[in-house]
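Data first, discussion second: the structure below is written as structure tokens.
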Amino acid sequence: MIRNIFRLGALLMLIITIASCEKVIKLDLQAANRQVVIEGTLANTQTPVVRISMSKTFEESNDFVGLTGATVAIKVNNGNTYGLTPTAAGVYETNAFTGMPDSSYSLTITVNGQTFTSTSIMPKSVTLDTITINEVGFGNNKNKTVYPSYKDPFGKGNSYRLINYINGKQEKFIYVQNDELTDGRTVTRPLINRDNNIKSGDLVTTQLLCIDQPVYTYWFSLSESSTGENQSATPANPVSNIEGGALGYFSAYAVSQKTIVVP
């Protein structure tokens with residue numbers, strides 16, 4: 001009995017000693033060097049838009065703060081070069097042309113004494129045939145989910161990005177697909193919405209973007225990093241298709257879309 005009491009007392013003393021050694025540890029989050037961030041898009045239904053900003057620290061907001069004073073130009077593989085002019089702080093546009101499938105586009109940006117380049121090839125357009133709404137889940141935990149359907153052309157190498165808009169607001173989730181396992185087949189895959197915010201009566205628009213391989217790699221790596229599926233200890237920047245040390249991407253894509261009212 002006395003031995004048990006002695007052991008209990010020793011254990012209590014050990015706990016008190018450990019507790020007394022606790023202290024607040026402040027993490028030193030090292031701020032990475034700021035880099036230029038470029039988001040350039042060009043579609044068969046849209047004139048070019050290039051957004052330029054600077055990367056931010058962990059503590060800063062995600063609000064877009066544009067970088068002014070840049071020189072921006074896009075050269076088409078037919079030899080024509082078009083300058084983009086600022087329409088807002090950090091936003092550069094031109095209404096001189098829209099994209100054409102099977103064409104190559106080269107972007108050149110000079111800003112703050114640095115030059116950045118990128119080339120993107122617009123693939124042939126693939127038609128988004130239908131979108132349907134099905135419920136996914138079990139019991140009372142069923143989510144209304146968008147199912148797009150399209151026919152992948154024969155010949156591997158086709159890559160896609162899909163974007164959902166709910167009542168005009170773009171979903172934050174990243175959906176990318178390729179034809180590694182679906183070459184030449186009809187593809188119908190659910191676009192899982194983890195927010196479960198699709199309701200009856202909503203207007204849903206789904207866009208199918210045909211993108212080239214480097215742009216697919218960018219969005220796929222961004223998706224893997226944001227969801228933690230790459231099992232990396234630290235998040236990594238997505239694989240950019242821009243040369244010169246900038247973050248971001250330049251994408252020439254062909255787009256098809258469908259709209260449905262959620263039943």
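The numbering of the sequence shown is this note's numbering, which starts it at 1 and goes up by one. Glycine residues also receive a C-beta, built at the ideal position from the N, C-alpha and C atoms.
Sequence-distant residues of its chain with Cβ nearer than 8 Å to residue i (five each side left out)
| i | result |
| --- | --- |
| Ile-133 | Lys-144, Thr-145, Val-146, Tyr-147, Ile-198, Val-204, Ile-260, Val-262 and Pro-263 |
| Gly-245 | Gln-35, Val-36, Gln-114 and Phe-116 |
| Met-264 | Because the chain in this structure spans residues 1 to 263, residue 264 falls outside the shown range and cannot be described. |
| Glu-135 | Lys-142, Asn-143, Lys-144 and Thr-145 |
| Asp-152 | Val-126, Asn-158, Asp-179, Thr-182, Asp-183, Gly-184, Arg-185, Thr-186 and Val-187 |
| Ser-200 | Lys-144, Val-262 and Pro-263 |
| Phe-154 | Asp-183 and Gly-184 |
| Asn-62 | Lys-56 |
| Pro-190 | Asn-134, Val-136, Thr-145, Val-146 and Tyr-147 |
| Val-111 | Val-36, Ile-52, Leu-67, Gly-69, Ala-70 and Thr-71 |
Own chain residues within Cβ distance below 7 Å of residue i, not counting five before or after
| i | result |
| --- | --- |
| Phe-220 | Val-176 |
| Tyr-216 | Ser-159, Val-176 and Asn-178 |
| Gly-248 | Val-37, Ile-38, Glu-39, Ser-240 and Ile-242 |
| Asn-95 | Thr-47 |
| Cys-128 | Cys is not the amino acid found at residue 128; the sequence shown has Leu there. Excluding residues within five positions, the ones whose Cβ falls inside 7 Å are Pro-148, Tyr-150, Thr-206, Leu-208, Ser-256, Gln-257 and Lys-258. |
| Asn-196 | Asn-143 |
Distance between beta carbons of residue j and residue i, contact taken as under 8 Å
| i | j | result |
| --- | --- | --- |
| Ile-211 | Tyr-253 | 5 Å |
| Ser-256 | Ser-125 | 6 Å |
| Gly-90 | Gly-66 | 2 Å |
| Ile-267 | Gln-207 | This structure cannot settle anything about residue 267, because the visible part of the chain is limited to 1 through 263. |
| Asp-202 | Asn-167 | 6 Å |
| Val-76 | Ser-120 | 11 Å between Cβ atoms; not a contact. |
| Ile-192 | Leu-222 | With 8 Å as the limit, Ile-192 and Leu-222 do not qualify as a contact, their Cβ atoms being about 17 Å apart. |
DSSP bridge partner residues for residue i (one or two, in chain order)
| i | result |
| --- | --- |
| Val-49 | Thr-41 and Glu-93 |
| Arg-161 | Val-176 and Leu-209 |
| Glu-135 | Lys-144 |
| Ser-106 | Lys-75 and Thr-119 |
| Ser-251 | Thr-41 |
| Val-215 | DSSP, once it has assigned bridges, lists no residue as partnering Val-215. |
| Lys-56 | Looking at the DSSP assignment, Lys-56 forms no beta bridge with any residue, so it has no partner. |
| Ser-264 | Because the chain is modelled from 1 through 263, residue 264 falls outside the range shown and cannot be assessed. |
| Met-125 | Note that residue 125 is Ser in the sequence shown here, rather than Met. Ser-125 is not bridged to any residue. |
| Thr-182 | None, per the DSSP bridge assignment. |
| Ile-260 | Val-204 |
| Val-239 | In DSSP, Val-239 forms no bridge with anything. |
| Gln-35 | Beta-bridge pairing links Gln-35 to no other residue. |
| Lys-169 | Ile-166 |
Endpoints, the beta strand (DSSP E) within which residue i is located
| i | result |
| --- | --- |
| Ser-200 | It is not in any beta strand (DSSP E) - Ser-200 carries neither H nor E in the DSSP assignment. |
| Gly-69 | Premise fails: Gly-69 is in no beta strand (DSSP E) and is neither H nor E. |
| Thr-118 | Note that residue 118 is Ser in the sequence shown, not Thr. Residues 114–121. |
| Leu-191 | No beta strand (DSSP E) contains Leu-191, which DSSP labels as neither H nor E. |
| Gly-83 | 81–88 |
Close Cβ partners of residue i (< 6 Å) along its chain, the five nearest in sequence each way excluded
| i | result |
| --- | --- |
| Thr-85 | none |
| Ile-74 | Pro-48, Tyr-82, Tyr-105 and Leu-107 |
| Gly-40 | Val-50, Leu-107 and Phe-250 |
| Thr-98 | Thr-47 |
| Val-72 | Val-50, Leu-84, Tyr-92 and Ile-109 |
| Ala-43 | Gly-99, Tyr-253 and Val-255 |
| Thr-130 | Ser-149 |
| Gly-137 | Asn-143 |
beta-carbon residue i near the ligand FMN non-hydrogen atom, thresh 7 Å
| i | result |
| --- | --- |
| Thr-127 | Ligands in the displayed structure: none, and consequently the ligand FMN is not present. |
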